[in-house]
Amino acid sequence: FQNKEQTSMMSGRKTLEINPNHPVVVDLLSKIKADKEDNAAKDTAQVLFQTALIESGYEIADPSALVNRVYRLMSKELGV
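FYI, the working numbering numbers position 13 of the sequence shown as 36, with every residue one higher than the one before it.
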């Protein structure tokens, strides 16, 4: 395989299940429908996906990108 991420993704077959009725998913969908370029919604989707990967035992390619997204979302929520 070309890189460590591909190798780890192929090591086990796992399924990501998304609950379309979960409030976070419902809110994300409404934000994306309202503005396809909503950066906070994009960050939230990425954080949701990457934390699911981590929780399932996978390593993410760029942990610092996840940390930066979390900081951006926290700053937006806190208004700073």
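All C-beta atoms in this analysis are idealised placements derived from N, C-alpha and C, irrespective of residue type, glycine included.
Going by DSSP, what residue range makes up the alpha helix (DSSP H) through I77?
Walking along the sequence shown from the start, residue 77 turns up at place 54. First-last of the alpha helix (DSSP H) with I77: 62-78.
Would you kindly work out how many angstroms separate the C-alpha atoms of N42 and S53, rounded to a whole number?
Within the sequence shown, residue 42 is the residue found at index 19, counting from 1. Within the sequence shown, residue 53 is the residue found at index 30, counting from 1. Approximately 15 Å between the Cα atoms of the pair.
L51 and A64: beta carbons closer than 8 Å?
Locating residue 51 in the sequence shown gives position 28, where the first residue counts as 1. Locating residue 64 in the sequence shown gives position 41, where the first residue counts as 1. Cβ atoms of L51 and A64: closer than 8 Å.
With distances taken between CB atoms, is the gap from D66 to L96 smaller than 8 Å?
For the purposes of this step, residue 66 is taken as residue 43 along the sequence shown, with counting starting at 1. For the purposes of this step, residue 96 is taken as residue 73 along the sequence shown, with counting starting at 1. In terms of Cβ geometry, D66 and L96 form a close pair [threshold 8 Å].
Among E100, V47, D61, Q69, whose alpha-carbon lies nearest the alpha-carbon of P86?
Taking the sequence shown and counting its residues from 1, one reaches residue 86 at position 63. Restricting attention to E100, V47, D61, Q69, the CA atom closest to the CA of P86 is found in Q69.
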